[in-house]
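Numbered by mature numbering (1 follows the signal peptide of the UniProt record, and there is no 0), the letters in the sequence shown go through residues -29 to -1, 1 to 106 in order. Even for Gly, the Cβ is constructed at its ideal location relative to N, Cα and C. The structure displayed is predicted, hence computed values, not measured ones. Note sheet for the following structure.
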Amino acid sequence: MYQEKSRKMRAAMLLVLLCVLLQLGTYYAVEYTVGDGKGWSPSIDLWTNGKTFYPGDVLVFNYDATTHNVVMSETDRAYHECVVYDYYTFFQTGHDRVTLPKKGQFSFISGVNKTGTAFISQDCVNNWHLVIDVD
């Protein structure tokens, strides 16, 4: 009888410990509006200051979809070169929600509402771009 009670007690303690460990590993995604009140616009590089981004966080891009879009690259290449390639990811609704998929660096530029192969984004040249480091 004592052994059975002891076994149940150990099982209960193990279950409590498991629940605590699972809770410690839980991360709740944060939703960020890019540019805050300015929205997705030129010269918002400083917007990321003081923010830490994690996989699962959501970036909300608000902009005029008749003249702009959001182009996402999984490197900082788009940011530095301002060249848009057709294999990048395009968002074009004007109210886009982008979930950061994994750790790494992601660049976002405005592609001037164009899609296609290898063109230079004039918006990007005019500082309409952003790099996000995901921890």
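Residue i versus the options, residue with shortest Cα-Cα distance
| i | options | result |
| --- | --- | --- |
| T70 | R(-23), E2 and R(-20) | E2 |
| V83 | D35, L101, L17 and H51 | D35 |
| K73 | D104, T19 and Y50 | D104 |
| S14 | H51, I91 and N98 | N98 |
8 Å Cβ cutoff met for residue i and residue j
| i | j | result |
| --- | --- | --- |
| F79 | H100 | yes |
| S81 | N33 | no |
| V102 | C53 | no |
First through last residue of the beta strand (DSSP E) which encompasses residue i
| i | result |
| --- | --- |
| Y34 | Note, Y34: premise wrong, no beta strand (DSSP E); not H, not E. |
| S44 | V41 to S44 |
| D67 | H66 to T70 |
Sheet register partners of residue i (DSSP bridge)
| i | result |
| --- | --- |
| H100 | I80 |
Residue span of the alpha helix (DSSP H) that contains residue i, given as start and end
| i | result |
| --- | --- |
| Y50 | R48 to E52 |
Would the stretch 48 to 59 count as touching the stretch 22 to 29 if we require 3 or more Cβ pairs under 8 Å? Taking 8 Å as the limit for Cβ pairs, the verdict is that the stretch 22 to 29 does not touch the stretch 48 to 59.
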